[in-house]
Structure formats: C-alpha cells, structure tokens
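Each remark here refers to the structure printed beneath this line.
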Amino acid sequence: MVGMTDQAAHAAPVARLDDVHLSFAGVKAVNGVSFEVRPSELFAIIGPNGAGKTSLFNVLSGVYRPQQGSVEFMGESILGRRPHRIAAMGMARTFQNIALFEHLTVLDNLMLGRHQHITYGFLQAFAWVGTARRQEVEHRQAVEEIVDFLELAQWRSMPVGLLPYGVQKRVELGRALAMEPKLLLLDEPVAGMNQEETEDTARFVLDIRDELDVPIIMVEHDMGLVMDLADRVLVVDFGTPIVTGTPDEVQRHPDVVRAYLGSEVGS
Amino acid sequence: MTQFLEVVLRGLGSGSIYALLALGFVIIYKSTGVISFAQPAMMLTGATITSYVGPALGVMLFTGFSFFVSVAVAALLTAVLALVIERGAIRPMVGRPAFVVAIITIGIDIVVRVVTSGFIGLGARNIPNPWGLERVELAGLRVQERHLVSLATLALVVAVLFWFYRYTRHGLAMRAAAFDQEAALTQGVSVGSVFALSWAMAGALAAVAGSLLAISAGVDRQIWIVALVALPAIILGGLDSLEGAVVGGLAVGVVEALVGTYQRDYAPWLGDNFAVVSPYVLMLLVLLAKPYGIFGTPEVRRV
Amino acid sequence: MTTLSTGSDRAPRQAATRARRGARLSGRPQLYRSYAQELALFNTRPKRIWVGIIVLAALGLSQMLTDNHLNTLALAYAFAIGALGLNIITGLAGQVSLGHAFFLGVGAYTAAAISGDPDGRTIGFGITNILVWLPAAGLVAGLAGVLVAPLATRLRGLYLAIVTLGLVFIGEHLFREWSDLTGGAGVGREAAVPELFGIEFARDGDYLTSDQKFYLLMLVLLLVFALGARNLARSRTGRSFAAVRDRDMAAEMMAINLPRAKTVAFAISSFYAGCSGALIYSIIGFFEPSSFGLLLSVQFIAMVLIGGAGTVSGAVMGALFITLLPTLTRELPAYLPFISGQVTDTPNVFQLEQVLYGLLIVGFLLFEPRGLFGIWIRIRNYWKGWPFSY
Amino acid sequence: MLSARNLEVVYDDVVLALRGVSIDVPEDGIVALLGSNGAGKTTLLRALTGLLDIHQGEVAKGRVTLDDQPIHRMSPERVVRHGVRQVLEGRRVFVELNVEENLKVGAHTARSRMADNLERVYALFPVLGDRRAATAGYLSGGEQQMLAIGRAMMSEPRYLLLDEPTLGLAPKMVENIRDVVLEINKGGTAVLLVEQNATMALSIAHHGYVMETGRVVLDKPAAALLNDDDVREFYLGLHPGEDGRKSFRDTKHYRRKKRWSA
Amino acid sequence: RGGGEADGGSSDVSAPGVTDEACPDAVNADNGCIYLGTISDLTQGPFAPLGVPITEAQAAFWNRVNEDGGIGGYDIDVTKYVKDNLYNPQTHQQVYGEIEGEVLALAQTLGSPTTLAIIPDMDRDEMVGAPASWTSLWAFEDAILESGANYCVEGMNAVDYMVAENDISSVMAVGFPGDYGGDGAAGAEIAAEANGIKFTGVETAPGQESQAGAISAIVKQKPGLVILGTGPTETAVIVGQAAAQGFTGKFIGLGPTWNPALLETPAAPALEALYMQSGYWGPFGTDTPGHQAMRDALGDVAQPNDGYTAGWAWSYPLKAALEEWLEGDYDKDRAGLLEAVQSLETIDYEGMLPEEAGNRTGDPDETIFRESVLSKVDPSAPSGVTIVEDFGAGPTVSEHTFEGACFEG
Ligand SMILES: Nc1ncnc2c1ncn2[C@@H]1O[C@H](COP(=O)(O)OP(=O)(O)OP(=O)(O)O)[C@@H](O)[C@H]1O
Ligand SMILES: Nc1ncnc2c1ncn2[C@@H]1O[C@H](COP(=O)(O)OP(=O)(O)OP(=O)(O)O)[C@@H](O)[C@H]1O
Ligand SMILES: [Mg+2]
Ligand SMILES: [Mg+2]
C-alpha cells in the first residue's frame, strides 16, 4: 500500500469540487459533493448505481453545468466552460459505455487524442506539405509510443469497431493518454472485463500513475481493484457524499457496507 | 376582421390536408426511423384511384356517399400498394442506415409516379363530389364546404389514430421498433409487421389527402408536389409526434393562406409567391427556438 | 451520433459491423520503413500503378470518344467535384445536407456574374478568367455555408436534412426573384464564360474541340479537388469530422470544438459545391433558377450513397454513375422493341426511361448497400480469397 | 429443454464464430456460460433466439431445439412467443421511451397479466418504480441494466438468457441480481447466464460451460468448475499456491498459458 | 464532328440527318429520308400535357407530307429521334448533343429556358428548329422558326379587346414569371399604358394550393380584366375560386392556359361565365383546310386539345423551308437550309394562319405577326372553345415597335 507523501498532501490540488449540486427534472444527481484531487493521487469514487458518479465526471469535463458549487481545475474555475476547452486544459477521460470512433482505426483514434497538440489548419491539410506532413509524422511517433505502452501493436490499423471489448477499453485509455492529460478520469475501466484483462488494466493504471505521474480519478464497482489501487476513496449515495478516506477506513464504514457493499465485503 | 377569419378558415381547410399528409410521414418515421419520400407518389396514386372508382360508383349512389366510398376503396388499394413496396424494397433494408432507405424511397417515388401519370393522362381527372367550390355561411363567415369536409375527415382520422396508439399494444411496439429493431425483436415485436402496418397506414392517409385535395380542381400529374409541403409541417411539429403533425399541418396551412393574402400589401419586398416558401421560413423560425420541433422527442444524448 | 444511421443506440453496432467488414477486406501486409512512407498517399505499389493507369486512361479518352460523349463525361466530372463536397459534410462529418443544390446555385451565379457581359441584361463584370471566377464561386458559396452552419450545429439527423431542404426552397425563391442576377424564373441567364490564358473553352480550337478542352479541364480540376479531399480526410481536420460523425459528445472531450468543426465542414463542402456549380453550368452555357431545386440535391445525395459514403473514390464513382445513368437509360429502350415509341401510348419508352432510372437506383442500393465502392471491394476480395470461402 | 447441437455459425459467409458448440439448458436449471471476450457467447445466444439474421450471420451446421423441436429457422418474435427470451448485451433499453413504456413493450406477448407483472418488477427493483416516468436513456448504467432484466420478465419467459447482466453493477446490486435470478428460477424459469463475474455465476449455477474461440472447452457441473485450476486462476483470480486473492498491485506483465488452449 | 456517315452516297445533299436509304417504316420506299429531331416534355415535366399532343400532331403532320409523296424525293421521319427533356435545360442540352449529328433540323424544341440553353450549340451547328412556345424572344433568334403571334402580342390584343368591348378601367396580369406569364404580362402592361388604364402584375407559382395570393389579389382589387398566364389547373383554381368569392370581372387566358378537361372540374360554371381564351390560330374545331386536314390525320383522339393544333401549325414553316431548300438553289447542307429559311416570304398554312404570317425576310419588328384570335367557352366544341373574334390586331400592337423580347425589357 503506497501512502501519500506529506508533500503531495499539501501541494495545490489538481482539481477541486466544492459543494456541487446538480439535479435533473426532480432527480438530485449530485448533492453537495466536495473533494479535491492532489498531484500524483489515485482517487476513487464509489457508490451504488445511480449515485451520481458519472454525473460528477460530466460536471468535471463540462458536459453538465451544476446549479450550485464551484469546480476548479489547475487552479482555475472551469464552471460553464465548454467541454473542448476543458479537455484542452489537460483533462482526459474514458467513458462508462465505450465512446470510441468505431469507423476509425486504433491509430486514428489515438491521433484524435492528440488533436489539440496538432496545430496545422485545414488549408495546409489540403496540400499535405510542410507543416501538415511534418506534424503528422511527429505525432504519429508519439502515438506509436502509446501503442507500445498499452501493447496494442497487433491491432493498430484495425477499425476499433471490430476489436474485442477489453481491447476497446484499452484503446480508450490510450486515446486519453494521447492527450497528455494533467488529470485522467476513468469511468469503470474494468467493467465487463474478465479476470485476466482486469489484471492487465490494473497494471496499466499503476504504470500510468507511477511512470507518467498523472493523477487519476477512477470510478469502479470492482471492489478488489479499488481497494488495492486507490490512495483515497470517496463514497457517494444518492448524490450525497458519505465518507472520504483511505480504502481501509471506507471499507469498514457501516453506511458504506449497508448502502453499497452488501454482504460481499471486499476480501 | 371577417376577411381575416375567412382566410384563417381557408388556411385550416388546406392545412387539414397537409396534416393528413404529415401524419403519414410521421407514422412511417415513428416506426421505421425513415422519412418516406414515396409519400407524394402514394398521394398521387390514391387520388387517381379515387378518380377512377368515383365515376364508376357515381351512377349508382348519391355523390356524397359515393365520394367517401371511392376514397375508402382508394385508401385500401393504396395501402395494398404500399404493402407491396414495403415488402419488396423496404423490408430487405431492415437495419440499414436511414438515409439509404430514404434514397430508395425516392427511387420508388419516381417509378410509381411515372406509372400513375400514365393513368392520369394529359389533362386533369375529375373526382365526382357534391361540394366543388360551394360555400356555406357559418356565423357570418363564408367557408368552402370542401374545407369543412377536410377538417371533419382530419378529426376522424386523429381520433382513430389516437385510439390506436393509446389503447393497442401496436402503438408502443411501433415506437420501440423505430428506436432499436434488434431490441424490439427480443421483446417479441414483429418488426416486419410493424413496418408493413405503418406503410399501409401512411399509404391510406396519403390517398385520403390526395382525394380531398383534388376536390377543387381534379387530379393532374403535378399535385404530388403538395405532399412536399408536409415536410416543413412535420419538422415544425416534431418528426415523431402525431400531435405535431396535426398542429404543424394546420399551422402551415394558415400561415400560407395569411401570407398569400396579406404579404403583397404589407411586405411586397419579399417578392411574389413568397407564400410558397413561407412554410419553410416558419419551420426555420420554430426550429431556432425548439430544435426538435414543438412536440418532437429530443434525442437522448449522454456519455 | 452518426446521422447516417437510424436509432442512436443501434448505430455503433452497425458501425462496428461495417467497420469489421471493411478492415477484413482491405487489410494488407504492411512493411514500411518510416512513418512518412506509410503516411504517403499512394503507399503501395499496386495503388500507384492503378491510379496511374486510371489517369492515363482518362486522358486517353479525350482522343477516343466523340465530342458528345466527352461533353457528358466533362459534366460528370464537374458533378463529381460537387459530390466530393457533399461527401465531406455528409460522408465524413455525418451531417446529411439536402441543401447542396443551393450552394451549387450560389457558386454558379457568382461565377456567371463575375464573367458575365457588363452590358447584358443581367449583372456582369466581364472577368472571364477561370482563375478568378472559379475560386470566387467557391469562396462565396463557402461563405454561405458558414452562414448556414449555426443552424447545423443545433440540429441533428433528419431535422437537419429537412431544414437544409428548406434552404433549397428558399434559395430557389431568392434566385427566382432576384432577376437582375439570375435572369428570373423561366428565363435564366448565360453561365460563366470559361477562359484561361486566352484559351476559350466554349469554342473549338485549332488542335482541340471545345468538348475536348472542357473534358481535359474538368479532368484536371477533378484530380486536384479529389486529391485535396483525400488529403483533408486523412488530416487532423478530416479526423475531427469523423469524430463528430461517430460520437459528437466524445469528440468534444477530445478537445474538438464542435460548432467550429461543423462550420468548417460546411464551409469546405460548400466551397466544393460552389466550384462544381460554376463549372457544371459553364459547360452547359445557360441556366435558370429552377435548376437548383430538390431534384439536384437528391441527385447528389444519391451519388454519395451509391458510391459508398465516406470515400473519395466512392463519391467520384457515384457521381459518374448518376450522371451517366440517364444517358444509359435513354439507350436501353432500343433493346426493348416491343415497348411503344409513341408518346401517346402507355407504357412508352419515355416512361420506361424514367422507371428504369428509379429502378436502377433502388435495385442498386438494395443489392449492394455498400455502394459501388463495395462492389469494387467485393471483386477484389473475391480474387484475393479465391478459391477459399471461409 | 433448450439445446444446441454441434452448432456452427458463420458471419458474412466468412467469419466462423462458433465451431461445433453443444449445450443444454434443462427446464428448471441455471446454467452458467463463461468465456473470454470474443469467445462466441453472444453469438451462441443469438443462435438460440433467432437473432443471427440481422447480424448477417447464419447457422451453417447443427441445430437448436426447444423440447426437441428445431427452432433455429424461426423468426425472433416467434421464439419469444415460445418462451425463450434474451436480454441483450449492453442493456439496449429504448432510450427515448420512459421506464414504464419500456416495461410495457416487454409485455408485448403477454398483455393480459401486464399489471401484475409490472408490480412484480417494481417490487424486485424499487428504483424503477420510483422513476417509472423517467426517460430510460437518462437512467444511470446500473438502473438501465435493471430495466433490461425487468423488461424481459414482463413476458414470463420459460427460458431467460441473460447476456452479462451484472456488467457495471454495484456489488450490492450484483447480489441483488443473483437473488433475482434465483427467484426467477424458483418461479419455474430456466436461466442461461453469460457472465464475466464468474464468482457470482458459479455460486448459483447448477451447471457451467466455458467457451474459447468458438468452442466449448469445459462442460462440468458448477461445483466441479469451481475446483478447476484454470477456472480458478483465469476466471476467479485465485492463483495457484496462494491463499485467497492476490492484490492487483502485484500482478505481473507476462502472458500465462491456459492448458485448454494448447 | 459526327454525322458524316449519314451522308450516304447522295450526289448533292451532304447534310447530317439526310440519307438515301428509306426511312424506317417508310411510306415511299424509293425516297431517301430526312430525319428531324424532337426534344419535348414527355413524362415528368410540367408541360408534358402539351408536349405529348404536340409531338403526336407533328408525327401526323409529317406522315401526311410523306403520304403526299414527301419533299424533293425524301420522306421525313420525326419519330426516330424523339427525346424527353423533363423541362430541364441541362437534360435538353444533353439530349441535343445526342441527336445533333443524326438529324437535319429540329421539328420541335420545347420550352424557353431549355431552348435558350442550346442556342449557342444550334448556332454552331447551323441547326434550324421549330420552337414549342410562343415567347416574343424567338422573333430575335434566326435559327428558331416560330409561328403566329406571341404571348406579348396576345396580351396587348386581349386588353385592347376588353377596352373596346367592356370599357374596363383596370387590368391585372396573373401568371408564372418569365418567358410565358411574364411575356404576356409585359404585353398587357404596354396595352394598359396605351389605353390609360390601371395595370397590376401578380406572379404566381404552379400548383393547386399555391394560388391563394393571386386569388385574394383579384378579389381585393376587382380589376375589369384578368390576363392569365398559368397552366390549366391553376386556371381552374383561380377562376373557380375568385368567382366563388364574388368576383365578376372577365378573364382572358393566354394560349397554354386552356385544357378542355377544365370543363369537368367544379370551376366549369365560372369558366363559362367569365373566361375567354386567346389563341394564335383557331382552336381544334375551327373550319379551315388546315384544321380539317389535322383532324383527318389524327383520327379519333381521346381528348382533343389545342396542343394538337399547335403541333400541327408549328410544322408548316419547316415544311416550307425544306421545300424551298431542296428545290431552290441552296447549298445542300445545314447552312443552305438556314439560308432557305431566311428567304421565306410567305408560308402556306392551309388557312390556319394567313400566308404573310410566314414572312422571315425582314427585321423582327417587321416580321412579328400581330394578329391573334379570341374564343369563348363552348362545351359542345371539340376542345371546349369556339372563336368569337377572328384574326385581328388591336391598336396597341399595331403601333408598337418590338426592339427585343417583351419580358426582358
Ligand atoms: N442527463 C440526465 N437527465 C436526467 N437524469 C439524469 C441525467 N444524467 C443522469 N441522470 C440521473 O442522475 C442519477 C445519477 O446518474 P449517474 O449516471 O451519475 O450514476 P452513476 O453513479 O454513474 O451510476 P452507475 O454506477 O450505474 O453508472 C441517475 O439517477 C440518473 O438517472
Ligand atoms: N455481426 C458480426 N459480424 C462478423 N463477425 C462477428 C459479428 N458478431 C460477432 N462476430 C465475431 O464473432 C466472434 C464471437 O463474438 P461474440 O460477440 O459472440 O463473443 P462474446 O463471447 O459474446 O464476447 P464478449 O464477451 O466480448 O461479449 C468474435 O470474433 C466476433 O468478432
Ligand atoms: Mg456511471
Ligand atoms: Mg458478448
């Protein structure tokens, strides 16, 4: 179990939510959630289905605008900012229901992750000379590194629509990494994966955190994974935060057991 | 004021025909997710059939009665034609992109229209009916009888459709089939029958609309163009909404009549014939405020 | 969500299936020594050879065919440029537009006005150089596309399609009413006068006839526009279009500015349309407002779908197919002598022509939903896989 | 009994997805079907319920029988009428319809007892009752999963085929589903459970199958599968020679080899 | 260019579309054959109800010529090269290209914008063609062999007639924009000005349901005369509904507004009461040798209408031109034919039109034929109308100088 260093705990947070409220036509999806994510931290959010975890991600990435509360990323308020601007600031995510571009190849999907880092315009694209050509080659190299890192080489030029589920999830992870994120949001990264693939993904997540030093927020129902990997865990139920703490603290919290874990307390 | 009200009534009259056409489009859209560009041809064919059946009956029955009987026969035959087309050219396309199917319907439209035009001949074919251009006085307003007939027909059709969608299981099944054919199949919904049923209903409606339209000046080769006016009507009402089709159709009729009557006096700079494009302008204005039309279901978008 | 498919949830699945086929069929052994080499447009030897053969054959046709056939082909090439444009907005960016005819009209009138007779009854500035009026036609149409784009960013699927259809009707009204520019309904005006460095394309020259000159000009322009479209498709911009098509919300979270991407797509597509409109009518020489109606838009949609949406070669094949189809159906009845040639008979050959036109489109989409491109893939695959099936 | 015998399924006339699969789902049983991604589990379910057609797939060899009557040429809606009901992978609720409408569509073939069945489903999944007027597409992932299962129950099937029903569900909800499956089974419905959560599936199944690349590689009673070394390592995460589950922090990057795919 | 193979072994005639071989299904097996092309609206276009009978009547006309022995040793064939233009300029231009090398001249080129699209090509090919439209523009095109008055002349004569007859004080022109309705409206406006009465122009679009604006303008302004330049269906709708709304003024329709089928629509009573029909020659049932020959040649037609009359009458100039060309001292190529056309001073229309209507030797203002006829509705007549006012030119048109097409100036 890797504890957080004192230094990390006191450094400026990468992202901070303060008393966020979000409701849809009568449904309170998020109800007064506050938390902050510190550099290099792997922060997990768990909670029953419909608790508002994905909604929190959507608030962070600008898809939903909360009715109340503040949202900061890299020290700036991002409330009301369009998703593409927030993404450009360095927030990358994966999606609960895979959201890849099916018709495109793995490489093209990853290249799309690099969209913001490629700068040539459409006029140069027509002629395909100079900057356009140079940048394409350059960024292609960066993408190949991710392909190697995530062991995607054998699928690199296949349209992602035909890949096995587990591989698609990995491509999505790669696409997020291609954005060179300053914060990575993972929404149920191992849902629907078998044991073997779950173990692979766990390894990748740790590597990302350790080698690339990217802070991560992860939503996941696989308690084994959460408890093994997370530095801190936030538990939400009906949009309301129940407890934030280390996996051990959280696991023993009676409300958490009752609302979320049921009898199957993590091993 | 009287004139204004008379214009509005006239607009409602032609609007009720647009509404019937719009209902046909919406029914097909609601259950298959496709806009059928073959509807104009269905309308032309339906009206043509009425123009053949009507005179055949005319000698035997009162004109008012024989009109409705001939329209019913035409609706039935057009529904059968629609079924044949659905079976032959639409059913095999289940699961294919909606726009490919839409282009197929355009091809069908061409074929059916050319064949039907052959039966229309060069001039216009008359549909025997007792109303013609006669008018009645209603509360001091002069209204054409044919417009009252159209409105009454619309009311009847709306009542039947409301019942159908509300109280039979087919209504929901049709919507389900449009959203996700595979999932609908696993519910035990026969997607094939849903397709067939919706095409038949739309065909019958087009036949009714075409026959009503032809009361005033008969069936000629070009009346199919009127069916296109239903397109802005369904969009401004909401593509998948029956209420929307009715409201949209009537709104388009009224706006067209008002613009036709007053625009020359108040806004001549819009050019002669602005009335013809006014439905589209109305549609644009509505969409600026409501991107899914007045009653349309917004597409569910989430990640 | 890709607007080319029906229900929102179904789309990804179909997409996946389609993608699956595509990859299996086009997957080829790849051995490249550098990324630059792999990224080259014609990156395999067979590709280079085939493209070379096709271009040479097309050039050769200018000497082999009669003027009338060349004229038809030149028109087809000009249409193909427009189809490439529609393919960008519809095939690549997934925004189905039935408004293409309007942008063609804008381009055609811009070009006609610039090159028109200054003393004629319609607006004209007398600049006949094609290098002036062609880009201008594209730019003005592109600008019109930019103006329309805000609507497109709000609307989805069939709503967008019908609204752009409305654009066609409103545009037609505008063209009819603005008779100083267009000559008015039922009358029309002269189209752009094509002239380049003193070569007048509308006149027979010493070495080449007018039709041969037009043919060669359109061939060269088509190659340029197709190359541009191909480059665009594989660039950052093209990828962002595809992302918007497949999943617009996810695209936003890849830092793609959705409204901007759609606006750019509309602008580029309309630019192509404008150029295509200017060229088509410069070949015909004369046009009137009703040319830019629903039918023209539908023809373009049919070109893109029949060719196989999303590919450059598909769009070109589709355009050739649709523009040559009437020529073909006019020939066919000759082989059916039992059909009457009397105009008053029903059925007669003229009705048969129209029916065949409709039937061929239907039959085509019915039996080969992946379009002409699909047929090509299928043939290629057959020979590759022969004699094994699975 | 719902059975498949030597099934071969081909997609697009080219991809051979099943290579001679045989399974049996007895009338009162719960059968678990495990297998890695792409093994052909979903394909097998499609073959059982007649859905291959719309995926350009077809049964090339073998047959599917229901009480010894062949059904693999039957249209999907007739299969449903015969009591075989599949819950599609990935929920596939009708996103634009509301919760109750979704359930009503589910009752398409059993209208007469719709009211009772509605109550039954709402009792099993109280969340759905609370949100009966909500647009299904805006439910959370887990809520949609409940809706999909509830919808299938509306037609009172004799055979319920569940394709990864616990995907994305919270631990407590997984237990919930397990209980629901048991209850459905007690009510006389046979269940075929396709699962990645092998622990859960094998804890209630009577019999289990493991598929790999289009073949059934293991076919044993559930209890026997729980003791199979490979199943323990690759499906339950219990590595040999270790006591209980190993931490994910300690997993290694190397490819292990399964005995059956030698 | 193509067409060379069609020259056959002919000693002197070397024009495309002329062969020494007999026509297919020839009447005179020993004659050579002259092929004439037809480009008309035959199926889907808005003018198909006219295009079809015109084409049919022309086939009958040339068949009669052949039965009379043909012209200068040639039979004339107008059935082999018939093309459908869908009323689309682009299609028109394309099919022209397809038949250009195979035909000597065009027996018919239907529509104004369509024909305008091929005029540069016709000039280049020295092709002569008979139009199927009556726009005043044709007077200014050498290659176009128009017959009778034009819409503009009609409009003037209609106004003059009503001013003289009913002493009207206002006139309204309702019609499609452009070469047809617009041309007629221009004529009406000129005449209104000359007579010092009020003029209003209202443009309308095709389609039954698009006439609301025109109808309300008529009902509101109550002009003494409405000149209609629309299609038959629109005529029925406008006249029927305006009358139903209480309008009692008169309507005069330009040539193509009429179709006898209108008498079966609900508008029939209104039409009988208020409507008159203008024409460039007498309607189908008129008693002249030409009309009689037409009726004999056509035999029983299902719906006699004046599309037939027009197709027949439009064929005389080309017949006269071919005779002149083959018998006279002209180069036996297309240029020679064009020259022959331009030397025609009179044409024998067999009484359908006065001979001098065929004069093509002066400048347009001299050669434009200024007389039109007016008919009233008569359900017993074959095409539903009979003449009330035979050929005549009103004061306005007699004074007017034509400097270009009416509708553009
Ligand atoms: N756009 C929306 N419109 C209406 N309701 C919504 C919307 N988005 C989310 N909700 C509702 O908000 C609640 C929280 O949903 P959310 O998707 O955040 O849950 P979750 O915690 O991610 O659950 P799960 O673990 O099942 O994915 C749910 O009840 C859902 O129905
Ligand atoms: N529509 C299709 N067309 C072609 N191939 C297909 C199609 N559907 C599935 N396949 C292929 O068939 C094989 C089996 O797929 P299937 O979906 O049945 O696997 P699965 O075991 O359900 O996997 P998962 O756990 O990912 O759901 C895979 O290799 C897949 O690529
Ligand atoms: Mg979630
Ligand atoms: Mg599966």
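Residue numbers (this note's numbering), protein chains in the order written: chain A, 1 to 267; chain B, 268 to 570; chain C, 571 to 960; chain D, 961 to 1222; chain E, 1223 to 1631.
For every residue, glycine included, the Cβ atom is placed at its ideal position computed from N, Cα and C.
For clarity, every value in this text was computed on a predicted model and none was experimentally measured.
Counting along the chain, the unbroken alpha helix (DSSP H) around His639/C starts and ends at Asp637 to Leu656. Residue environment analysis places Arg618/C among the exposed positions, since fewer than 16 neighbouring C-beta atoms fall within 10 angstroms of its C-beta. DSSP, reduced to helix, strand and coil, places Cys1245/E outside both helices and strands of the structure shown, so it counts as coil. Closest in C-alpha terms to Leu480/B, from the list Ala440/B, Leu389/B and Gly399/B, comes Gly399/B. In this structure, the straight-line span from the alpha carbon of Phe332/B to that of Glu1486/E is close to 20 Å. Distance from the CA of Leu272/B to the CA of Gly1468/E, rounded to the nearest whole angstrom, comes to 17 Å. At a cut-off of 6 Å, the beta-carbon of Thr1003/D counts as near ligand 2: some heavy atom of the ligand is closer than that. With respect to chain E, the C-beta atom of Val757/C has a partner C-beta closer than 7 Å.
The stretch 850 to 932 of chain C contains no complete beta strand (DSSP E) run of 3 or more residues. Taking a 10 Å sphere around the C-beta of Val347/B, we find fewer than 16 other C-beta atoms and assign the residue as exposed. Contact annotation: Cys1255/E and Ala1237/E have beta-carbon atoms that are not nearer than 7 Å.
Ala1093/D and Phe541/B have their C-alpha atoms some 44 Å from each other.
Under the 7 Å criterion on CB atoms, Pro359/B is classed as interfacial with respect to chain C. Taking a beta-carbon distance threshold of 7 Å, Gln924/C counts as an interface residue toward chain B. At least one heavy atom of ligand 2 is found less than 6 Å from the C-beta of His1015/D.
Thr1422/E and Ile854/C have their alpha carbons spaced roughly 36 Å apart. Per DSSP, reduced to three states, the secondary structure at Ile1031/D is coil, with no helix or strand assignment. Look at the beta carbons and you see the stretch 9 to 23 of chain A not touching the stretch 1096 to 1116 of chain D: under three pairs across the two are nearer than 8 Å. Between the alpha carbons of Ala1414/E and Thr752/C lies a distance of about 28 Å. Taking a beta-carbon distance threshold of 7 Å, Ser805/C counts as an interface residue toward chain A. Lys1021/D counts as exposed, since fewer than 16 other C-beta atoms from the protein chains shown sit within 10 angstroms of its C-beta.
By the neighbour-count definition (other C-beta atoms within 10 Å, threshold 16), Trp620/C is an exposed residue. At least one C-beta of chain A is nearer than 7 Å to the C-beta of Leu609/C.
When the five nearest sequence neighbours on each side are left out, the beta carbons in the same chain lying within less than 6 Å of the beta carbon of Leu1008/D are those of Val1024, in order along the chain. In its chain, beyond the 5 residues on either side, no residue has a beta carbon closer than 6 Å to the beta carbon of Met268/B. Inclusion of Pro1454/E and Asn1481/E in the CB contact set at 7 Å is warranted, their separation being smaller than that value. Proximity of chain B to Lys1001/D at the Cβ level (cut-off 7 Å) is not reached, the minimal Cβ distance being about 16 Å. Ala653/C sits away from Gly847/C, with the two beta carbons spaced by 7 Å or more.
Pairing Ser1500/E with Leu1596/E gives a Cβ-Cβ distance under 7 Å. The continuous beta strand (DSSP E) containing Val1047/D extends over residues Val1044 to Val1047.
Remark: C-beta atoms of Val1441/E and Phe1473/E do not approach each other more closely than 7 Å.
By the neighbour-count criterion, in which 16 or more other beta carbons inside 10 Å mark a residue as buried, Leu717/C falls on the exposed side.
In this structure, the alpha-carbon of Phe811/C lies about 15 Å from that of Val882/C.
Note on the stretch 70 to 105 of chain A: whole beta strand (DSSP E) runs with a minimum of 3 residues are 91 to 93, in chain order. When DSSP states are grouped into helix, strand and coil, Asp18/A belongs to the strand group. For the stretch 1380 to 1414 of chain E, the beta-carbon criterion of a distance under 8 Å to any beta-carbon of chain C is satisfied by Phe1398, Pro1399, Gly1400, Asp1401, Tyr1402, Gly1403 and Gly1404.
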